[in-house]
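All letters in the sequence shown, in the order written, are residues 0 to 137 by numbering that gives the first Met the number 0.
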Amino acid sequence: MLTCLSKDSLVLKTLKQDITQKLKESNIKVVVVVDDFDRIRSSEIFNTLKVIGTIADFPNLVNIVAYDKQYTGNHSKRHFEYSGEAIDAQKYLQKIIPCEFPLPKISHEKLFNIFIEEVGNIVKEAPHNKKDLCYYYI
């Protein structure tokens, strides 16, 4: 079994080296967006963080993660406590997501006004024939 693990590790290491080389050679910028991260199940948060951390050091790759810091921190802390690992969840999060750009909170009134404006734009663009209007919204 130990031989099997080392084979898998070698394959993964080789694969990571190949991806790194291809990204360097291509000179293409890759942006990975992880949205609603804080809406996944608690049990999946840590695994997702591991994936983000694993790909974070690829060249020409940027991760954008939308998440609730408190929610994610609390669930990460529970994961480490449950697994018996003596790891500071906040420091772990800072390691995986080293740069933050907090978004300002938006008032319900402003959000409602944006919604009404966008619905108005949709209605302006919609056909005015009742039959066509039904198909437009389906």
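Where is the CB? At the ideal position from N, CA and C, for every residue including glycine.
Everything numeric in this text was worked out from a predicted model, so none of it was measured.
Query raised in the report: Grouping DSSP H, G and I as helix and E and B as strand, with all else coil, what is residue 62?
Result: strand
Query raised in the report: Roughly how many whole angstroms lie between the Cα atoms of residue 73 and residue 67?
Result: It is roughly 10 Å from the alpha-carbon of residue 73 to the alpha-carbon of residue 67.
Query raised in the report: Residues in its own chain within less than 8 Å of residue 47 by CB, not counting five upstream and five downstream?
Result: 33, 36, 39
Query raised in the report: Looking only at its own chain, which residues have a Cβ that is under 6 Å from the Cβ of residue 86, when we skip the five neighbours before and after it?
Result: Cβ neighbours of residue 86 beyond the five flanking positions: 79.
Query raised in the report: How close, in whole Å, do the beta carbons of residue 55 and residue 95 come, if the pair is a contact with beta carbons under 8 Å?
Result: The beta-carbon separation of residue 55 and residue 95, rounded to 7 Å, stays under the 8 Å limit for a contact.
**Report entry** Best match in 103, 100, 75, 83 for proximity to residue 149 [C-alpha to C-alpha]
**Finding:** An answer regarding residue 149 cannot be provided, because it is not within the stretch 0 to 137 covered by the chain.
Report task. Taking all protein chains shown into account, decide if residue 113 is buried (16 or more other Cβ within 10 angstroms of its Cβ) or exposed. Result -> exposed
Report task. Give me the Cα-Cα distance between residue 122 and residue 116, rounded to the nearest whole angstrom. Result -> 10 Å
Report task. Would you mind reading off the limits of the alpha helix (DSSP H) that contains residue 88? Result -> 88 to 95
**Report entry** Cut-off 8 Å between Cβ atoms - residues of its own chain near residue 99, not counting five sequence neighbours on either side
**Finding:** 68
Requested in this report: Counting only the same chain and skipping the five closest in sequence on each side, list residues whose C-beta sits under 6 Å from that of residue 13.
Outcome: Non-local C-beta neighbours of residue 13 in its own chain, meaning closer than 6 Å and more than five positions away in sequence, are absent.
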